[in-house]
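Numbering (the UniProt record's numbering), first residue to last: 1 to 105.
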């Protein structure tokens, strides 16, 4: 995430500027606010391109890593074995498998 002043992250409930240099906190923020929330807002599934657009809006540069982590934990699923990349994978459907998954646990 780009942590410049006036960044959209400042508006998120869990944002804690004192943790902005903590890579694990930033990864958890990406999992929750870029991936999990977006999937829930779209009825539990959406195309990777939708997730990518949300990542752009929040200046998040760890979308692929966060998505891979959630896939390993079986919180989300998609058919491709390799990591998803834009624009080539924008049409790949990503499904929410564990809606109650706690990204900060």
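Idealized CB from N, CA, C, for every residue including glycine.
Relative to the C-alpha of residue 15, which residue among 54, 49, 58 is closest?
-> Counting from 1 along the chain shown, the entry for residue 15 is found at position 15. The shortest C-alpha to C-alpha distance from residue 15 to any of 54, 49, 58 is the one to 58.
Could you give the DSSP three-state label for residue 97: helix, strand or coil?
-> To locate residue 97, count along the chain shown from 1; it is residue 97. It is coil, neither helix nor strand.
For residue 34, count neighbouring C-beta atoms within 10 Å of its own C-beta (all shown protein chains included) and say buried if the count is 16 or more, exposed if not.
-> Locating residue 34 in the chain shown gives position 34, counting from the first residue. Result: buried.
Out of 31, 64, 40, 60, which has the shortest C-alpha to C-alpha gap to residue 90?
-> The sequence position of residue 90 within the chain shown is 90, counting from 1. Restricting attention to 31, 64, 40, 60, the CA atom closest to the CA of residue 90 is found in 64.
Express the C-alpha separation of residue 48 and residue 86 in angstroms, rounding to a whole number.
-> Position 86 of the chain shown, counted from the first residue, corresponds to residue 86. Position 48 of the chain shown, counted from the first residue, corresponds to residue 48. Taking the straight line from one Cα to the other gives about 8 Å.
To which residues of the same chain is residue 38 closer than 6 Å at the C-beta, ignoring the five residues directly before and after it?
-> By one-based count along the chain shown, residue 38 stands at place 38. Correct list, in chain order: 51, 54.
What residue does the alpha helix (DSSP H) around residue 57 start on, and which one ends it?
-> For the purposes of this step, residue 57 is taken as residue 57 along the chain shown, with counting starting at 1. That run of the alpha helix (DSSP H) goes 48-57.
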